[in-house]
Amino acid sequence: MLKEIQIWDCPFCGKNTVQILYFPKTARPEKTSWGGSRAWMKVSREQIVVQSGCSNCGKNVEEIEKELKK
Ligand SMILES: [Zn+2]
């Protein structure tokens, strides 16, 4: 799966300190279990995984992830 490390702004203090593992939205053909020649495109939603807390305001991974996903 494609993924990349990005640095995002902390949702609490706005400093560019939070390391995020970012999985972009992907579409790929998926074989169906019920046969047929037609492949469905399976589209996954983009996802983020917070990798680090904020070194500026001291918020931890859980707090930042909760704030980003609400
Ligand atoms: Zn912060």
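Here the sequence shown is numbered in my numbering, starting from 292 and rising by one per residue. For glycine and all other residues, C-beta sits at the position ideal for the given N, C-alpha and C.
Cβ-heavy atom distance, residue i to ligand 1, below 7 Å
{"i": "N347", "result": "yes"}
{"i": "F314", "result": "no"}
{"i": "K360", "result": "no"}
{"i": "T308", "result": "yes"}
{"i": "K322", "result": "no"}
{"i": "K350", "result": "yes"}
Rounded straight-line distance, which links the Cα of residue j to that of residue i
{"i": "K333", "j": "D300", "result": "31 Å"}
{"i": "W331", "j": "T323", "result": "7 Å"}
{"i": "E353", "j": "K361", "result": "12 Å"}
Which residues DSSP lists as bridging residue i, in chain order
{"i": "L312", "result": "I296 and V340"}
Close Cβ partners of residue i (< 6 Å) along its chain, the five nearest in sequence each way excluded
{"i": "E358", "result": "P302"}
Contact set for residue i: own chain, Cβ-Cβ below 7 Å, skip 5 residues either direction
{"i": "E295", "result": "Y313"}
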